[in-house]
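Engineer: Going by this note's numbering, the sequence shown opens with residue 11, and the numbers climb by one from there.
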Amino acid sequence: MSLLFTNARLIDPENGTETIGNLLVQDGVIVDHGADIAFPERTEVIDCGGKCLAPGIVDIGVKVCEPGERHKESYRSAGLAAAAGGVTTMVTRPDTLPAIDSPETLEFVTRRANEAAPVNVVSMAALTKGRDGNEMTEFGFLLDAGAVAFTDCDRVITSTKVLGRAMTYARSLGALIISHPQEPGLSKGAAATSGKFASLRGLPAVTPMAERMGLDRDIALVEMTGVKYHADQITTSRALPALERAKANGFDVTAGTSIHHLTLNELDVADYRTFFKVKPPLRSEDDRLAIIAAVKSGLIDTISSMHTPQDEESKRLPFEEAASGAVALETLLPAAMRLYHAEQLTLPELFRAMALNPAKRLGLPSGRLEAGAPADLILFDPDAPFVLDRAKLKSKSKNTPFDGQRMQGKVLATYVAGSAVYRRD
């Protein structure tokens, strides 16, 4: 079956363009796009009405709570949320109960994802067994089972010897290491970023230098081992010079940030609102603006949701004791539109960071509109206003910091391999 999208505002992150045109899909693959396209007689035509057609979002760092905590999020609920949010590929984290640290566990979650999720799902595996930082996992077997990267998520490996050995082994296999840059001694128990606000609220805080120190250590080990490395979240301006030097020196280093650190700052915590408690903690406004500039320049490569479901019992606690994290599969796009409407990032720049670069870093064919790429697409209206009601989110957990906020940007339809997996009513 052929599918022709007409009168579309094509967002092409690879060429950095935004044009009105058509896009042809055959057998789940993009065939051509442009102003004038020849197409077969038996073709379904979809008039986009001048709305935006872009590559589907590739979201690195989604937590799905299978196995162990299905009451927080399952592959079915996460997949429905992803489809509604324009995320066509979820790259899931291994911080489950138990951790995804063996081929058997990875095969289990892969089977569950294939059965239940309407979008593409690829999995990262744990870097060390049990994510305890002592013994590396069986990288070769996990790669054979489908792991796309290795990470212990927010558990920082304190032993440089263990991390160095893991990086050396990963280098020999061509595997990607994803790390959480943080100095664990400084950041232990922190609930906020150090400064006047944290002091006035009496919150245990961490200096932004902890992120810089963690990144410096990781980059030194990258230089030593030559491994492929990705920093999951760079959130403070103090870390940017180290990242810039690493790239200038030719190291195989990329970095991401989360949509929450791009659109919120430490003052949003206000009177101890735990839905705004994330890890790393929200930063100053100066840091937020510096990170936006780093995304625009390409110094920071990717934007992700860092989707972390937490149930009400985990959040309805004093701020220091509440669990960190926020759901964001459905709010990633409208939150990103805040940056577009503020004229801080263009739509091609946003989709470069949300679709093209994540796909390229993981070796996936998606994230682009070029001929031969899979027809993983989203049709959206960047201007459509709405007030977010967390009760209507498709995720099982509802811990979003955007509840009740006025937002712009609605996904109208999501396509995976040319088949519609979501259409707005």
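The beta carbon of each residue, even a glycine, is placed where N, CA and C say it ideally should be. Because the structure is a prediction, the values reported are computed rather than measured.
Got a sec, what are the start and stop residues for the alpha helix (DSSP H) Val-288 sits in?
Structural biologist: The sequence position of residue 288 within the sequence shown is 278, counting from 1. No alpha helix (DSSP H) contains Val-288, which DSSP labels as neither H nor E.
Engineer: Rounding to the nearest angstrom, what Cα-Cα distance links Leu-107 and Arg-165 in this structure?
Structural biologist: Numbered from its first residue, the sequence shown carries residue 107 at position 97. Numbered from its first residue, the sequence shown carries residue 165 at position 155. Leu-107 and Arg-165: Cα-Cα distance of roughly 14 angstroms.
Engineer: With distance defined between alpha-carbon atoms, name the residue in Val-232, Arg-19, Glu-353 and Leu-357 nearest to Thr-29.
Structural biologist: Position 19 of the sequence shown, counted from the start, is the residue given in the question as residue 29. For Thr-29, the nearest C-alpha among the options comes from Arg-19.
Engineer: Which stretch, first to last residue, makes up the alpha helix (DSSP H) that contains Ile-302?
Structural biologist: Translated into the one-based positions of the sequence shown, residue 302 becomes position 292. Run containing Ile-302: 295–307, per the alpha helix (DSSP H) assignment.
Engineer: Is the Cβ-Cβ distance between Val-132 and Leu-360 less than 9 angstroms?
Structural biologist: Position 122 of the sequence shown holds residue 132. Position 350 of the sequence shown holds residue 360. No, these two residues do not count as a Cβ contact at 9 angstroms.
Engineer: Check each candidate in Leu-299, Gln-36 and Glu-221 and name the one with the smallest Cα separation from Glu-51.
Structural biologist: Residue 51 sits at position 41 when you count from the first residue of the sequence shown. Glu-51 has its Cα closest to that of Gln-36, out of Leu-299, Gln-36 and Glu-221.
Engineer: Do you know offhand how far Asp-278's Cα is from Phe-49's?
Structural biologist: On the sequence shown, position 268 is the one that residue 278 refers to. On the sequence shown, position 39 is the one that residue 49 refers to. Approximately 51 angstroms between the Cα atoms of the pair.
Engineer: Pull the bridge partners of Arg-181 from the DSSP assignment, please.
Structural biologist: Within the sequence shown, numbered from 1, the residue matching residue 181 stands at position 171. Its beta-bridge partners do not exist; DSSP assigns none.
Engineer: Using a Cβ-Cβ cutoff of less than 7 angstroms, which residues in the same chain neighbour Phe-396 once the five nearest sequence positions on both sides are dropped?
Structural biologist: Working through the sequence shown from its first residue, we reach residue 396 at position 386. Closer than 7 angstroms at the Cβ level, and outside the excluded window around Phe-396, lie Met-417 and Lys-420.
Engineer: State the Cα-Cα distance for the pair Val-263 and Asp-228, rounded to the nearest angstrom.
Structural biologist: Working through the sequence shown from its first residue, we reach residue 263 at position 253. Working through the sequence shown from its first residue, we reach residue 228 at position 218. Spanning the two alpha carbons is a distance of roughly 10 angstroms.
Engineer: When you compare only the Cα positions, how much space is there between Leu-152 and Thr-138?
Structural biologist: Counting from one through the sequence shown, the residue named residue 152 turns up at place 142. Counting from one through the sequence shown, the residue named residue 138 turns up at place 128. If you take the alpha carbons of Leu-152 and Thr-138, they lie about 12 angstroms apart.
Engineer: Can you pull the DSSP bridge partners for Ser-133?
Structural biologist: Counted from its first residue, the sequence shown places residue 133 at position 123. DSSP lists Thr-102 as partners of Ser-133.
Engineer: Would you call the stretch 240–247 and the stretch 181–190 in contact, with 3 or more CB pairs under 8 angstroms?
Structural biologist: yes
Engineer: Pick from Ala-220, Asn-130, Phe-412 and Asp-111: whose alpha carbon is nearest that of Asn-144?
Structural biologist: Locating residue 144 in the sequence shown gives position 134, counting from the first residue. Cα-wise, what sits closest to Asn-144 is Asp-111.
Engineer: For Thr-424, I'd like the list of residues in its chain whose CB is within less than 6 angstroms of its CB, leaving aside the five on either flank, ordered along the chain.
Structural biologist: Along the sequence shown, read from residue 1 onward, the residue named residue 424 stands at position 414. Ala-93, Gly-96, Ile-388, Val-431 and Tyr-432, listed in sequence order.
Engineer: State yes or no: is the C-beta of Phe-329 within less than 9 angstroms of the C-beta of Ala-201?
Structural biologist: Walking along the sequence shown from the start, residue 329 turns up at place 319. Walking along the sequence shown from the start, residue 201 turns up at place 191. Yes, Cβ-Cβ distance for Phe-329 and Ala-201 is below 9 angstroms.
Engineer: Beta-carbon within less than 7 angstroms of Pro-384's beta-carbon, same chain only, minus the 5 sequence neighbours each way: which residues are those?
Structural biologist: Within the sequence shown, numbered from 1, the residue matching residue 384 stands at position 374. Hits under 7 angstroms: Gly-38, Val-39, Pro-375, Ser-376 and Ala-427.
Engineer: Looking at the unbroken beta strand (DSSP E) that takes in Gly-31, where does it start and where does it end?
Structural biologist: Taking the first residue of the sequence shown as position 1, residue 31 is located at position 21. Counting along the chain, the beta strand (DSSP E) containing Gly-31 begins and ends at 27–36.
Engineer: Tell me whether the stretch 344–354 and the stretch 115–124 touch, counting them as touching only if at least three CB pairs, one residue from each stretch, are closer than 8 angstroms.
Structural biologist: With a cut-off of 8 angstroms, the stretch 115–124 and the stretch 344–354 do not count as touching, because too few Cβ pairs lie within range.
Engineer: Going along the chain, which residues of its own chain have a beta-carbon closer than 6 angstroms to the beta-carbon of Gly-26, five neighbours each way excluded?
Structural biologist: The residue you call residue 26 lines up with position 16 of the sequence shown. So the list reads Pro-358, once near-sequence residues are dropped.
Engineer: Buried or exposed, going by whether 16 or more other CB atoms sit within 10 Å of the CB of Asn-32?
Structural biologist: Locating residue 32 in the sequence shown gives position 22, counting from the first residue. With 16 or more other Cβ atoms within 10 Å, it is buried.
Engineer: Output the distance between the C-alpha atoms of Ala-64 and Phe-207, rounded to the nearest integer angstrom.
Structural biologist: The residue labelled residue 64 in the question sits at position 54 within the sequence shown. The residue labelled residue 207 in the question sits at position 197 within the sequence shown. In a straight line, the C-alpha of Ala-64 is about 39 angstroms away from that of Phe-207.
Engineer: Apart from the five residues just before and just after Leu-422, which ones in its own chain have a Cβ nearer than 7 angstroms to its Cβ?
Structural biologist: What you label residue 422 is simply residue 412 of the sequence shown in a count that begins at 1. Result list for Leu-422: Lys-61, Leu-389, Phe-390, Asp-391 and Arg-434, in chain order.
Engineer: Look at Pro-368 and Gly-266 and say whether their C-beta atoms are less than 9 angstroms apart.
Structural biologist: By 1-based counting over the sequence shown, the position of residue 368 is 358. By 1-based counting over the sequence shown, the position of residue 266 is 256. Yes, the Cβ-Cβ distance between Pro-368 and Gly-266 is below 9 angstroms.
Engineer: Kindly indicate which residue of Leu-379, Met-364, Asp-413 and Lys-402 has the alpha-carbon position closest to the one of Ile-70.
Structural biologist: Translated into the one-based positions of the sequence shown, residue 70 becomes position 60. If we check each option's Cα against that of Ile-70, Met-364 comes out closest.
Engineer: Please classify Arg-255 as buried or exposed, where buried requires at least 16 neighbouring CB atoms within 10 angstroms.
Structural biologist: Walking along the sequence shown from the start, residue 255 turns up at place 245. Counting Cβ neighbours within 10 Å, Arg-255 comes out exposed, since fewer than 16 surround it.
Engineer: Distance check for Leu-14 and Gly-382, CA to CA, integer angstroms please.
Structural biologist: As a position in the sequence shown, residue 382 is number 372, starting the count at 1. As a position in the sequence shown, residue 14 is number 4, starting the count at 1. Between Gly-382 and Leu-14, the C-alpha separation is close to 15 angstroms.
Engineer: Would you mind sorting Pro-191 into buried or exposed? The rule is 16 or more other CB atoms within 10 Å of its CB.
Structural biologist: For the purposes of this step, residue 191 is taken as the residue at position 181 of the sequence shown. So Pro-191 ends up on the buried side.
Engineer: Are the C-beta of Asp-281 and some C-beta of chain B separated by less than 9 angstroms?
Structural biologist: Reference to chain B is not applicable here, since this structure consists of a single protein chain.
Engineer: Express the C-alpha separation of Thr-318 and Tyr-282 in angstroms, rounding to a whole number.
Structural biologist: Residue mapping note: residue 282 aligns to position 272 of the sequence shown, counting from 1. Residue mapping note: residue 318 aligns to position 308 of the sequence shown, counting from 1. Spanning the two alpha carbons is a distance of roughly 19 angstroms.
Engineer: Apart from the five residues on each side of it in sequence, which residues of its chain come closer than 6 angstroms, Cβ to Cβ, to Phe-412?
Structural biologist: On the sequence shown, residue 412 is found 402 positions in, with the first residue counted as 1. The answer, listed in chain order, is Thr-341 and Leu-398.
Engineer: Grab me the residues of Ala-159's own chain with a C-beta within less than 6 angstroms of its C-beta, minus the 5 sequence neighbours each way, in chain order.
Structural biologist: Here residue 159 refers to the residue found at position 149 of the sequence shown. Answer for Ala-159: Met-134, Leu-186 and Ile-188, listed in chain order.
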